[in-house]
Amino acid sequence: MNFAATAALSLAMSTDAFAAAVGKGAALHRPQWREALRTGLIFGAIESITPLIGWALGRVAAPYVEAWDHWIAFGLLGIIGLLMIRNALADGGEEEEPARSHSFWLLAVTGFATSIDAMVVGAGLALLGADILVTAAAIGFSTFVMVTIGVMLGRVLGTVAGRRAELVGGLILIVIGCLILYQHLGHPAA
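FYI, in mature numbering (1 follows the signal peptide of the UniProt record, and there is no 0) the residues of the sequence shown are -19 to -1, 1 to 171.
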């Protein structure tokens, strides 16, 4: 794979994570660069590892993972989105200040849900003989940058939306899950 193909693949693999990061940033109370970098690092590391796992599984598991990846992503993103919406709609009497950071596990599950397609790509790259280490590193770096920017963009949305930001973030995750499901059920993106 040449540089242009690797760069395009890296950007394509990071778009779902970027959208999820915008929602995560919007749900936080004015996230700082430290939180954005932490989130980017978690997503980027996961997005780097999943193509390596796919590469290792190769031909044996690719058809199985490919058959279910969209359902797994849809379910995980839907559950996280619904939990965010429930928290936003919960009547706590007085308005609570949004959290300043998300838990590691919440970020890890969201990162995994948005990177399942990278695992399938890794399995496909095994058949092409592509340099998986370079490709996985490029995907991870691209995701790190996009997610970091996404969290900070979400900061602007969170300031504008106030308490509704968590509701918007939950809806974004559900929409991403639905789009993944829609695309994988034979309706390619236009």
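Think of the CB as a built atom: it goes at the ideal place given N, C-alpha and C, for glycine as much as any other residue. Small disclaimer: the values here were computed from a predicted structure and weren't measured.
Using the three-state DSSP reduction, which class does residue i fall into: helix, strand or coil?
i: Leu166; result: coil
i: Pro32; result: helix
i: Pro54; result: Pro is not the amino acid found at residue 54; the sequence shown has Ala there. Correct three-state label for Ala54: helix.
i: Ala71; result: coil
i: Ala171; result: With a pLDDT of 47 at Ala171, under the threshold of 50, the modelled position of this residue cannot be trusted, and the question is left open.
i: Arg136; result: helix
i: Leu11; result: Note that residue 11 is Arg in the sequence shown here, rather than Leu. Note: Arg11 maps to coil in three-state DSSP.
Is it right to say residue i is buried, meaning 16 or more other beta carbons lie within 10 angstroms of its own, or is it exposed?
i: Ser84; result: exposed
i: Leu114; result: exposed
i: Trp36; result: buried
i: Phe93; result: buried
i: Phe24; result: buried
i: Asp112; result: exposed
i: Phe(-17); result: exposed
i: Glu75; result: Unreliable positioning characterises Glu75 in this predicted model, as indicated by a pLDDT of 49, which lies under 50. A coordinate reading is not provided.
i: Arg67; result: exposed
Note the first and the last residue of the continuous alpha helix (DSSP H) segment covering residue i.
i: Ala(-15); result: -17 to 8
inquiry  = Within 8 Å, do at least three Cβ pairs link the segment 150 to 169 to the segment 48 to 64?
reply    = yes
query = Hey, which unbroken runs of the alpha helix (DSSP H) at 4 residues or more fall wholly within the segment 78 to 113?
reply = 85 to 94, 97 to 109
message = Within 8 Å, do at least three Cβ pairs link the segment 98 to 105 to the segment 4 to 22?
response = no
ask   = Are the segment 122 to 137 and the segment 1 to 11 in contact at 8 Å, needing three or more beta carbon pairs?
value = yes
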